[in-house]
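Worksheet for the structure shown next.
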Amino acid sequence: MKLDIAFTCALSISQVWAALDAARITKERYGNDSAWFVDRKPLFESSDENITDVYYYRWSIFRAHQRDLGQHGFVSTEFINDVSWQTEPWATLTDAAGFHLNEGKWLRDLRFKNNYAAFMYSNDSDPWRFSESMAAAVWSGYLVDSDSDFATSLLGKMQTTWEGWSNRSYAAYVDDVGMYWVEPLLDATEYTISSIDASGGYDGFTGGEALRPTINSYQYANALAIANLANMTGDSSVAINYQQRAADIKEKVHQWLWNTTFEHFIDRHAEQNNTNVTYFQPIRGRELAGYVPWTHDLAEDNTTYAQAWRHILNSSELSAPHGLRTVEPSYEYYMRQYRYEGVQPECQWNGPIWPYQTTQVLTGLANLLDHYPNSQGIIGISDYTNLLRQYAKLNYNPQRGGILDLEEDYYPDTSSPIVGLARSPHYFHSGFNDLVLTGFVGIRPQANDSLVVKPLADPSQVSYFRADHIVYHGHEIAVQWDATGEKYGKSGLQVEVNGEVVAEASDLQRLTVDVARRPAPSYESPIAKSIQLNATYEFPRGNVSEPNADVDRVHDVIDGRIWFYPEIVNGWDTPVNDAQEVWYQIDFGQETEVTRAEIAFFGGVGYDVPVEYRIQVASGDAFEDVSGANDERQPESKAAAEALIPQFQSTKILNQDQNGRRITLLGKIKDEQGLLTLERAAFPPEATAVTSLISDLTGTTNLGANDVYRWYMSNASSSAIPDLKVNLIWPCTDAHIRKYTAQQLRYVTETPEVYATHIKPWIEDTQRTPKRIEWIYNILDGVTEQEDVVYRSETFGKCTKEDKSDSEGFLLLPDLNWDRRSATGLHLLALVERRDLWSLRGLKKKHVTWLRHLRAEIVRAAAGVATRLQQEGGETDEDQFKCYVHYQPTYYHFHVHVVHVMLEAGGTQAVGKAFSLENLISQLEAVGGDEEAGLDSVDLTYYVGEESEVWKKCFVRLKRGEKVDLND
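In case it helps, mature numbering (1 follows the signal peptide of the UniProt record, and there is no 0) puts the sequence shown at residues -18 to -1, 1 to 950.
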């Protein structure tokens, strides 16, 4: 087909020489999994390293969430682990489908997007599980790939789904209002203003039905998509019908949901006969959901509605230090934590940052800046770039050492993940790469035969970017920006089609190029016959050579999921062996013809790929090797991998963490760059070897002491670099021995009754004796260890009561696990001056104000200590620290741990041991009752060792129905 090209400015066509190297980039980014990515996804780079790194990380999320269903092809999952509310056995959820499809539309391999959309509209799916914008996303995909045959094939199912929203138990169309209401939970946004207020402020997980900007915008966009696809098929009656229905919804949203007081689109209550709220009254605050009308181009283009965009620039409204709040701080129940999974906070939408709605806002802002000419002046491209950069940083998890790990929701003031459950890592209920390509780079897909490019990258912040390997309307396109010409050899903005520059400008402006459509790229759809969706299904079935193997791990191999995140188990981990051959067998239950096999091996910390492998098929009672197989890939041998280390030539130290126990170096092997991480190895298990090690220690230097605790730096080798942190407890007690002995752990629930009847008397009688806590009072009274105090609060020593219960003062001392040198390894203890609190069980509602002040001053002081340790004088911010409290604690005088977020979490920070101070404050606020109500009235779940008194004398006896006596 002929390619017709026209420009908005005159120029000559020139050849491209700056194309990105797909093989090199994907190898660097994805290692041995690069084969999956190299010919499938667009490439991108920019002067903003975070945006670039997160772009490639988000493609790894996309890859990890592809699940092969066998005959149904591929679908995208929202959670990397199964959850109880997904559609079984497929693991799909409609609320995230729009994001999945919009990310997937940029893949060169259309199989993933098309398989997924077809399945979500199939009879095996539940398209009404949650509110959705799937038809709009399918139409958006057509604008990129031109696959009209596929898009129009779903037209009938789209109409059925659209009509199905009219009368559901949790959502329905209201004739006299002309709009839809939905229960927030089924809008995938539990604990909104409408649902919390409908409960009288006591809950908000369910209920709170409301006429919302969200579902009405989705139905508007889905109706227009149906109309557009119907026009393509020549069905004008359907097209006219849905165009009118979209227009009607648009009119009513502006009439009823625009609030002139808030200058924002907000909900109206739809619950009737509720004493807490009034039907059809507006909710009492702004929510981030009010921007969804722009996400789907429903909002009118004028200055009146554009005023809404001021709110995401206002720090007292929806703008937070680390992202966009879902509700403003002025709301009565802002950030109140209602729901927990054990002691872990659960999902809520009353203030936390959600990547989900951040994506919707940035999509809407890109639309506003691109094609809302009458709405300009309030917000601009610098704000778009700032928000995208802020969103990119949210993908780095401070609770896991700053690695790339997107979770569900975040604290607005710290950027720390809130939920943090097993299901939460690498969460796929948002978009990012679509924002980069359509917003930052500015590729605006069109229904006609044209390509429009209008980048929203701020040239004052972004000196270069390039996106290529993009298929648009059947052509290869690329967009490049270089402010100075230093990066790519030519300054300015340029658009390329099929390897030729076809439009350019000196600055970042709108460029339009006529590009005739070509047929959509073809793709293969091989059917995986080995998929076992559920471990209970009879066939196909996996078997292994390992006796008594974990059934779930064996099933993981053929469950249709592949990812390479070492922290999340997925697959069969073969047992350690002495070069013995092991096997994995798939039993199909009957004779089955297969033509290819795809196998993924994981090689990482604690794992290795096999030196060699064979594929065999059953032949009678035996197995025979497959002959003539074409192996596309062979794993690197163990010997070849080991030979690389001596060749590494270090050029730069990139990172040193974990208190100096790990270091990452940049260097080269054979003129190619590489990264080498060195980590101190484990100690030998033999006592004799360790005894010899102790006798050989040299250069031992005492760092400090605290009662029976002492800590040192020492050398175990001839190196001048101290390589051991040494802790000594002497003289030690039986309690110390029990604590440090290797033992099984037990997860227990301590009810208020167990605490009051058994634990509290035991603490009072045995743990609060003068002998146990006198050393703490000596520190607080200035008798001992004053040289170790790194901070003394201004209010310390100014109390009047004997038990110091009116004191807000505290001291900061080094924890024995800190080497006192590393800022990122910082670990301090805050000993409070007041003596009326033993543990977190003593905290009450009346302490909330004090606790907030305490936390603020602790992190401020810790930041000051860390700043003084920085070698190059850099400042450390307060949001780089977290505070937690242990339960059960080592000693029973209330104290708070404060650590740098880059300190990798060990046992001291583990769930079941460490309770976030912020979460404790939120839990106190949520506890019912007067000011004396507190944490002594709630269940606490934590772990204990089997050698501990609490287990041996209390919980194991409760478990057996025996008499409990902790003091016997």
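Glycine included, C-beta positions come from ideal geometry on N, C-alpha and C.
Would you please state the rounded distance, in angstroms, between the beta carbons of Arg90 and Asn415? I believe it to be under 8 Å. As a position in the sequence shown, residue 90 is number 108, starting the count at 1. As a position in the sequence shown, residue 415 is number 433, starting the count at 1. With a Cβ gap of about 13 Å, Arg90 and Asn415 do not count as contacting.
In the DSSP assignment, what residue or residues form a beta bridge with Thr345? The residue you call residue 345 lines up with position 363 of the sequence shown. Paired residue(s): none; Thr345 is not in a bridge.
I'd like the list of long-range same chain contacts for Trp800, defined as Cβ closer than 8 Å, with 5 residues on each side in sequence excluded. To locate residue 800, count along the sequence shown from 1; it is residue 818. Once the five neighbours on either side are set aside, the close Cβ partners of Trp800 are Asn641, Gly807, Leu808, His809, Leu810.
Return the bridge partner residues of Tyr338 from the DSSP annotation. One-based indexing of the sequence shown puts residue 338 at position 356. In the DSSP output, where bridge partners are listed per residue, Tyr338 has none listed.
Can you give the beta carbon distance from Ala212 to Arg227, rounded, assuming they're within the 8 Å contact cut? Position 230 of the sequence shown, counted from the start, is the residue given in the question as residue 212. Position 245 of the sequence shown, counted from the start, is the residue given in the question as residue 227. With 8 Å as the limit, Ala212 and Arg227 do not qualify as a contact, their Cβ atoms being about 12 Å apart.
Considering only residues of the same chain and omitting the five flanking positions on each side of Ser357, which have a CB-CB separation below 6 Å? Position 375 of the sequence shown, counting from 1, holds the residue named residue 357. Around Ser357: Asp283, Ala288, Leu350.
Considering Ala439, what are the terminal residues of the beta strand (DSSP E) in which it resides? On the sequence shown, position 457 is the one that residue 439 refers to. Here Ala439 belongs to no beta strand (DSSP E), and DSSP marks it neither H nor E.
From the DSSP output, in three-state form, read off Ser301 for me. As a first step, residue 301 must be located in the sequence shown, where it is residue number 319. When secondary structure is reduced to three states using DSSP, Ser301 falls in the strand class.
Do you know offhand how far His54's Cα is from Asp131's? To locate residue 54, count along the sequence shown from 1; it is residue 72. To locate residue 131, count along the sequence shown from 1; it is residue 149. Roughly 18 Å separates the two Cα atoms.
Looking at C-beta atoms only, is the number of pairs between the segment 454 to 467 and the segment 425 to 438 that lie closer than 8 Å three or more? yes
Below 6 Å CB to CB, which residues in the same chain sit around Leu167 once its five sequence neighbours on both sides are set aside? Translated into the one-based positions of the sequence shown, residue 167 becomes position 185. Around Leu167: Thr188.
Selection from Ala600, Glu913, Glu549, Gly467 that minimises the alpha carbon distance to Glu573: For the purposes of this step, residue 573 is taken as the residue at position 591 of the sequence shown. The residue with the shortest Cα to Cα distance from Glu573 is Ala600.
Distance, Cα to Cα, Glu269 vs Phe570? By 1-based counting over the sequence shown, the position of residue 269 is 287. By 1-based counting over the sequence shown, the position of residue 570 is 588. Rounded to whole angstroms, Glu269 to Phe570 spans 52 Å at the Cα level.
On the CB-based measure, 16 or more other CB atoms within 10 Å of its CB, does Ala621 come out buried or exposed? Locating residue 621 in the sequence shown gives position 639, where the first residue counts as 1. Per-residue confidence for Ala621 stands at a pLDDT of 46, beneath the threshold of 50, marking its modelled position as unreliable; no derived number is given.
Met884 - DSSP class collapsed to helix/strand/coil: Here residue 884 refers to the residue found at position 902 of the sequence shown. Looking at Met884 - three-state DSSP - the assignment turns out to be coil, as it is neither helix nor strand.
Keeping to the same chain, check which residues put their C-beta closer than 7 Å to that of Thr849; ignore five residues upstream and five downstream. On the sequence shown, position 867 is the one that residue 849 refers to. Correct list, in chain order: Glu857, Thr858.
Taking the C-alpha atoms as reference points, what is the distance between Glu233 and Gly333? Taking the sequence shown and counting its residues from 1, the one referred to as residue 233 is at position 251. Taking the sequence shown and counting its residues from 1, the one referred to as residue 333 is at position 351. C-alpha separation (whole angstroms): 29 Å.
Classify Thr466: buried if its beta carbon has 16 or more other beta carbons within 10 angstroms, exposed otherwise. As a working note, residue 466 is residue 484 in the sequence shown. Flag for Thr466 reads exposed.
Ser619, buried or exposed, once every other Cβ within 10 Å from all chains shown has been counted against 16: Translated into the one-based positions of the sequence shown, residue 619 becomes position 637. Residue placement at Ser619 cannot be trusted, given a pLDDT of 45 that sits under 50; what the coordinates show is reported in the next sentence. By the neighbour-count rule (16 or more Cβ atoms within 10 Å), Ser619 is not buried but exposed.
Helix, strand or coil for Tyr202? Go by DSSP, reduced to three states. Translated into the one-based positions of the sequence shown, residue 202 becomes position 220. Reduced to three states, the DSSP call for Tyr202 is helix.
Using the three-state DSSP reduction, which class does Glu944 fall into: helix, strand or coil? The count along the sequence shown starts at 1 and reaches residue 944 at position 962. Correct three-state label for Glu944: coil.
Opposite Asp496 in the DSSP bridges: which residues? Position 514 of the sequence shown, counted from the first residue, corresponds to residue 496. Partner(s): Ser432.
Nearest to Tyr589 by CA position, among Gln629, Tyr547, Gly610, is which residue? Position 607 of the sequence shown, counted from the first residue, corresponds to residue 589. Here the closest residue by C-alpha is Tyr547.
Alpha carbon to alpha carbon, how far is Gln141 from His82? Sequence index remark: in the sequence shown, residue 141 carries index 159 (1-based). Sequence index remark: in the sequence shown, residue 82 carries index 100 (1-based). Roughly 21 Å separates the two Cα atoms.
With burial defined as no fewer than 16 other Cβ atoms inside 10 Å of the residue's Cβ, what is the status of His835: buried or exposed? The count along the sequence shown starts at 1 and reaches residue 835 at position 853. Exposed: under 16 other Cβ atoms inside 10 Å.
Identify the residues that DSSP records as bridge partners of Ser28: which are they? Here residue 28 corresponds to residue number 46 of the sequence shown, with the count starting at 1. Per DSSP, Phe447.
Option in Gln254, Thr8, His293, Glu253 with minimal Cα separation from Ala271: Residue numbering aside, residue 271 sits at position 289 when the sequence shown is read from its first letter. The option with the nearest alpha carbon to Ala271 is His293.
Quick one: complete alpha helix (DSSP H) runs, 4+ long, within the segment 472 to 551? 533 to 538
Applying the 10 Å Cβ sphere with the 16-neighbour rule, what's the burial state of Arg194? On the sequence shown, position 212 is the one that residue 194 refers to. Classification for Arg194: buried.
How long is the line joining the alpha carbons of Ala302 and Val36, rounded to whole angstroms? Position 320 of the sequence shown, counted from the first residue, corresponds to residue 302. Position 54 of the sequence shown, counted from the first residue, corresponds to residue 36. Their backbone Cα atoms lie some 21 Å apart in a straight line.
His835: first and last residue of the uninterrupted beta strand (DSSP E) it sits in: By 1-based counting over the sequence shown, the position of residue 835 is 853. Not the beta strand (DSSP E): His835 falls in the alpha helix (DSSP H), residues 830 to 851.
With Val599 as the anchor, note down where its beta strand (DSSP E) starts and where it stops. In the sequence shown, residue 599 corresponds to position 617, counting from 1. Per DSSP, the unbroken beta strand (DSSP E) holding Val599 starts and ends at 598 to 601.
Since Leu922 sits in a beta bridge, which residues does DSSP pair it with? Looking up residue 922 in the sequence shown gives position 940. The beta-bridge partner set that DSSP reports for Leu922 consists of Glu732.
Cut-off 6 Å between Cβ atoms - residues of its own chain near Ser898, not counting five sequence neighbours on either side: Position 916 of the sequence shown, counted from the first residue, corresponds to residue 898. Excluding residues within five positions, the ones whose Cβ falls inside 6 Å are Tyr866.
Thinking C-alpha only, which one of Ser432, Leu922, Tyr98 is nearest Asp496? For the purposes of this step, residue 496 is identified with residue 514 of the sequence shown, where counting begins at 1. Taking only the C-alpha atoms, the option nearest Asp496 is Ser432.
Val(-3) versus Lys23: straight-line alpha-carbon distance, rounded: Locating residue -3 in the sequence shown gives position 16, where the first residue counts as 1. Locating residue 23 in the sequence shown gives position 41, where the first residue counts as 1. Confidence at Val(-3) is low in this model, with a pLDDT of 48, below 50, so the placement of that residue should be treated as unreliable; the coordinate-derived value is given next. If I take the Cα positions, the gap works out to 20 Å.
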